[in-house]
Every structure is written in structure tokens, then in C-alpha cells.
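Anchor point for the sequence shown: position 56 equals 56 in the numbering used here, and the numbering is continuous, going up by one each time.
Let me begin by presenting the structure, written as C-alpha cells, before commenting on it.
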Amino acid sequence: MFRVSIARSASTVVARRSYVLASRTIRPALQYRCESTGTPPLKRTPEQQARKEAKDRMNELQHDWDAKEITYAELKPQTESPVPDTYLIDVREPDEVIQGMIPSAINLPLSVLGNSLHLDPAAFFEKHGFKKPQKDQQLIFYCRSGKRSASASDVAKRNGFTNILNYKGSWLEWVKKENVNK
């Protein structure tokens with residue numbers, strides 16, 4: 001019995017050694033290298049390509065973007081002597097605007113902002129009563145507490161506007177500071 005087990009293990013060792021030697025000599029001939037792990041590029045229609053590029057631009061805009069903020073001290077002089085190239089936009093709803101507005105501000109509610117920025121200049125003027133801002137004009141957004149104005153800044157950025165400021169203190173801070181100053 002002992003002899004049989006030694007004979008079996010010896011034959012197994014010889015068989016394994018010949019398999020290893022054979023695999024070393026055969027392997028290089030069968031070896032295949034593939035440099036790319038991805039799928040080959042698909043042929044897209046012009047419409048699909050345009051959609052992909054728009055999606056890529058949108059992702060690029062979303063990447064780590066926050067609107068620059070403006071403080072009360074920086075905003076106050078602009079309200080006292082407004083310039084035509086700057087729009088101070090109140091994004092609160094009309095029923096909230098009844099409480100009052102920051103001087104020189106215009107009302108463009110967040111609920112209509114996205115659609116309004118897509119209008120042509122004539123339709124925009126007809127709907128809102130003031131000229132549509134240009135993409136490079138300064139836009140300063142405010143609301144009641146600073147949340148909607150941050151969203152409005154994001155909407156403007158996604159629509160191609162480049163000079164955007166968010167008055168984070170918004171209406172609540174404005175009223176508090178103005179009442180203290182009186």
C-alpha cells in the first residue's frame with residue numbers, strides 16, 4: 001500500500017512538471033494583449049453628439065461651482081447710485097415683494113427665472129417691463145434669506161451668465177441693517 005501511494009505521487013509530480021514545461025513553451029504563442037479596457041467609440045448622429053456635448057458642458061458647470069457672494073457693505077453703495085450694467089434681482093414671489101424691496105431692485109421670481117432667461121429680448125421686455133440682461137452683465141440676486149438667491153445664481157450660471165453675485169444676507173439682513181441705521 002505504501003509502495004502504491006509513492007508510485008502515484010511520483011507519477012503525479014512527473015505529470016505536473018511536464019504540464020508546467022509545456023505551458024511555458026506554449027503560453028507565448030497564445031498570449032494576447034489588449035491595451036484598452038473600454039468599449040470602442042460609438043458612431044453618433046449629430047443630434048446625439050450635440051446632446052452629449054450639452055450634457056458634458058452641464059456637468060462642467062456643476063462641478064464645484066458656488067456663486068460669489070456680496071455683503072451688505074458692498075451692496076449698499078450700489079443701491080444708492082445704481083449703474084445700468086448691474087441688475088439687482090429680487091427672486092421672491094410677488095406676494096412677498098409687498099413687504100418691500102431693496103432700492104433699485106427689480107422683481108424676477110425664481111419660479112419664472114429659468115423660462116424667462118430663454119426668452120428673446122423683445123418677449124422678455126414685454127413680459128417683465130425691463131430689458132433682458134446680457135450674458136456678461138453683472139447680476140446680483142437676493143431673496144428673503146439667501147437660499148432661493150443661491151438657486152437663482154445657479155440657474156443664471158446654467159443659462160450662460162458669467163458675472164453673478166449672491167447677496168446671501170438677502171432681505172432679512174437688509175431690513176435689520178437698515179432699521180439699525182435709521
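Beta carbons are placed, not taken as given, at the ideal position from N, Cα and C, and that holds for glycine.
Per-residue burial, Ile98 [other beta carbons within 10 Å of its own, 16 or more giving buried]
exposed
Alpha carbon to alpha carbon, what distance is there between Lys43 and Lys131?
43 Å
Alpha-carbon to alpha-carbon, Asp154 and Thr162:
11 Å
Endpoints, the beta strand (DSSP E) within which Thr162 is located:
Taken as a continuous stretch (DSSP letters only), Thr162 belongs to no beta strand (DSSP E), as it is neither H nor E.
What first and last residue would you give for the beta strand (DSSP E) that runs through Tyr167?
Looking at the DSSP string, Tyr167 is not in any beta strand (DSSP E), and its letter there is neither H nor E.
I think Leu108 touches Val83, with their Cβ atoms under 8 Å apart; what is that distance to the nearest whole Å?
Their Cβ separation, rounded to whole angstroms, is 18 Å, which puts Leu108 and Val83 out of contact at 8 Å.
Kindly indicate which residue of Ala123, Trp174, Glu178 and Pro133 has the alpha-carbon position closest to the one of Ile164.
Pro133
Buried/exposed call for Phe141, threshold 16 Cβ in 10 Å
buried
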